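Residue numbers (the UniProt record's numbering): 1 to 427.
Ideal Cβ positions, reconstructed from N, Cα and C, are used throughout, including at glycine.
Nothing here was measured: the structure is a model prediction, and the numbers come from that model.
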């Protein structure tokens, strides 16, 4: 039997199959996805079939791509929240991997054992705006029962028509999410959703748990300590939970923060490794032999345990009183801003915590000892400049302010002050 690809092999292989010419995930739009799907169909018509299975509120096509001839049907869908784009790009890379390596024994086995159905962009109207909800203002993932969104109706109809034996529900989660109490970023969180409030098991949920364990085993060598488990409370309105109840167990993959400022590439690689590893284990039967404890022992997420940047032990002026020593916590997330008609991805941040923040982890930490943290006085200020201390009103920091700061080092008992560092996030 052909051995499965190692996580490192897949991690490195991603660079070869990564589709060129696409913008960052947050800027991928319906037109990009549709064009790529048509390209796959045109370049390998005997492998890929593309079908329009519905239309969004604003009339954008909901496109399903199908490949493989196996008896086990698997349904994958991404970006039902329009501002959760990572897995959409990762799915396109998965399709390119299959196209390029279809003759490799591992891929050939996958195609002979599985039939894959993927809807890479379920909420194209939300993606166009980079917003969670669809054009009606409804959260599609809370519409599994009411079915008031055309996108939700499309997903439900697909499930009923295909009767897949497993579903992959692909999302992004908040950038403040940490793994347990470790303070490490939950870069990937996994869940085999329950089918009722008792959170019991049936054969389908056990299979989903084993697939999650496969993914954990594949990703932990690449992101040690950064794999978490999503909250497993039953959500009666959600698609993942209801698909299990309707007979299709699901695997939830939530992409979260990364442990370095540049996050798109490593998170795309992790998604690619997760998907290929899971599908290989399903096609080879290796999933049946996975230790279930590898799922049960995944630590749960801590939804507010991480900050993007923490300045440790700086002198701070609050709204009243004298200066005090405190940590400053900045939370950040990707946002799309348009300037002169051109969209770009920025890191938007604000001061979220102030005080003793020793219990929080951070993507980046700054030693603020001996420094004074004050709001940025001007956009033109640069590190190394010498300034007077701002007036009392210009020194005040508080929770909720934009993350636009400068760290000052006094050059004498009463100044002047040298700008040690400028910290500026987008608003």
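Can residue 248 and residue 152 be called in contact, C-beta distance under 8 Å?
Within the chain shown, numbered from 1, the residue matching residue 248 stands at position 248. Within the chain shown, numbered from 1, the residue matching residue 152 stands at position 152. Cβ distance not < 8 Å, so residue 248 and residue 152 don't count as in contact.
I'd like to check one pair, residue 191 with residue 229: are the Cβ atoms closer than 8 Å?
In the chain shown, the residue the question calls residue 229 occupies position 229. In the chain shown, the residue the question calls residue 191 occupies position 191. A contact, by the Cβ cut-off of 8 Å.
Is the separation between the beta-carbon of residue 372 and that of residue 401 shorter than 8 Å?
Reading the chain shown from its first residue, position 372 is the one you call residue 372. Reading the chain shown from its first residue, position 401 is the one you call residue 401. No. Outside cutoff.
Between which two residues does the beta strand (DSSP E) containing residue 417 stretch?
Taking the chain shown and counting its residues from 1, one reaches residue 417 at position 417. Counting along the chain, the beta strand (DSSP E) containing residue 417 begins and ends at 417 to 424.
Those residues which DSSP pairs with residue 406 across a bridge
Translated into the one-based positions of the chain shown, residue 406 becomes position 406. In DSSP, residue 406 forms a bridge with 374, 422.
Looking at C-beta atoms only, is the number of pairs between the stretch 291 to 306 and the stretch 371 to 388 that lie closer than 8 Å three or more?
no
Among 318, 30, 96, 104, nearest to residue 392 - alpha-carbon criterion:
Numbered from 1 along the chain shown, position 392 holds the residue referred to as residue 392. Per the Cα distances, 318.
Contact set for residue 382: own chain, Cβ-Cβ below 8 Å, skip 5 residues either direction
Counted from its first residue, the chain shown places residue 382 at position 382. Here the set comprises 419, 422.
So, is residue 255 buried or exposed, given that buried needs 16 or more other C-beta atoms within 10 angstroms?
Locating residue 255 in the chain shown gives position 255, where the first residue counts as 1. Counting Cβ neighbours within 10 Å, residue 255 comes out buried, since at least 16 surround it.
Between residue 225 and residue 179, is the Cβ-Cβ spacing less than 8 Å?
On the chain shown, residue 225 is found 225 positions in, with the first residue counted as 1. On the chain shown, residue 179 is found 179 positions in, with the first residue counted as 1. Contact flag set, yes.
Cα-Cα separation between residue 289 and residue 343, rounded to whole angstroms:
Counted from its first residue, the chain shown places residue 289 at position 289. Counted from its first residue, the chain shown places residue 343 at position 343. The straight-line gap from Cα to Cα measures roughly 47 Å.
Bridge partners for residue 366 per DSSP, in chain order?
By 1-based counting over the chain shown, the position of residue 366 is 366. Bridge partners of residue 366: 311.
Do residue 350 and residue 335 have their beta-carbon atoms positioned less than 8 Å apart in this structure?
Taking the chain shown and counting its residues from 1, one reaches residue 335 at position 335. Taking the chain shown and counting its residues from 1, one reaches residue 350 at position 350. The answer is no: Cβ separation not under 8 Å.
Could you work out which residue in 24, 243, 102 is closest to residue 43 when comparing CA atoms only?
Translated into positions along the chain shown, residue 43 becomes position 43. Selected option, being the one with the closest Cα: 102.
Could you compute how far the alpha carbon of residue 100 sits from the alpha carbon of residue 59?
Along the chain shown, one-based indexing puts residue 100 at 100. Along the chain shown, one-based indexing puts residue 59 at 59. So the two alpha carbons sit approximately 33 Å from each other.
Distance check for residue 205 and residue 239, CA to CA, integer angstroms please.
Here residue 239 corresponds to residue number 239 of the chain shown, with the count starting at 1. Here residue 205 corresponds to residue number 205 of the chain shown, with the count starting at 1. Approximately 15 Å, taken between the alpha carbons.
Considering only the alpha carbon of each residue, which of 361, 214, 250, 25 lies closest to residue 259?
As a working mapping, residue 259 is identified with position 259 in the chain shown. Comparing Cα-Cα distances from residue 259 to each of 361, 214, 250, 25, the minimum goes to 361.
Identified DSSP bridge partners for residue 353:
Start at 1 with the first residue of the chain shown, and residue 353 comes out as number 353. Residue 353 pairs with 329.
Nearest-angstrom Cα distance between residue 96 and residue 223?
Taking the first residue of the chain shown as position 1, residue 96 is located at position 96. Taking the first residue of the chain shown as position 1, residue 223 is located at position 223. Their backbone Cα atoms lie some 24 Å apart in a straight line.
For a quick check, are the C-beta atoms of residue 194 and residue 139 less than 8 Å apart?
The sequence position of residue 194 within the chain shown is 194, counting from 1. The sequence position of residue 139 within the chain shown is 139, counting from 1. Taking 8 Å as the Cβ cut-off, residue 194 and residue 139 do not qualify as a contacting pair.
Over what stretch of residues does the alpha helix (DSSP H) that includes residue 217 continue unbroken?
The residue labelled residue 217 in the question sits at position 217 within the chain shown. First-last of the alpha helix (DSSP H) with residue 217: 203 to 219.
Pull the bridge partners of residue 361 from the DSSP assignment, please.
Taking the first residue of the chain shown as position 1, residue 361 is located at position 361. In the DSSP output, where bridge partners are listed per residue, residue 361 has 306.
Buried or exposed, going by whether 16 or more other CB atoms sit within 10 Å of the CB of residue 325?
On the chain shown, residue 325 is found 325 positions in, with the first residue counted as 1. By the 10 Å Cβ count, residue 325 comes out exposed.
With residue 221 and residue 7 assumed to form a contact (beta carbons below 8 Å), what rounded beta-carbon distance in angstroms separates them?
Taking the chain shown and counting its residues from 1, the one referred to as residue 221 is at position 221. Taking the chain shown and counting its residues from 1, the one referred to as residue 7 is at position 7. At roughly 5 Å, the Cβ-Cβ gap stays under 8 Å, so residue 221 and residue 7 are in contact.
Express the C-alpha separation of residue 261 and residue 316 in angstroms, rounding to a whole number.
By 1-based counting over the chain shown, the position of residue 316 is 316. By 1-based counting over the chain shown, the position of residue 261 is 261. Their backbone Cα atoms lie some 25 Å apart in a straight line.
In terms of alpha-carbon separation, which member of 284, 346, 384, 31 lies closest to residue 427?
By 1-based counting over the chain shown, the position of residue 427 is 427. Taking only the C-alpha atoms, the option nearest residue 427 is 346.
Report the option in 98, 118, 79, 165 whose CA atom is closest to the CA atom of residue 127.
Taking the first residue of the chain shown as 1, we reach residue 127 at position 127. That would be 79, whose Cα lies nearest to the Cα of residue 127.
Rounding to the nearest angstrom, what Cα-Cα distance links residue 69 and residue 116 in this structure?
Within the chain shown, residue 69 is the residue found at index 69, counting from 1. Within the chain shown, residue 116 is the residue found at index 116, counting from 1. Their backbone Cα atoms lie some 8 Å apart in a straight line.
In chain order, what residues of the same chain lie with their CB nearer than 6 Å to the CB of residue 213, ignoring the 5 residues before and after it?
Reading the chain shown from its first residue, position 213 is the one you call residue 213. Excluding residues within five positions, the ones whose Cβ falls inside 6 Å are 290, 294, 295.
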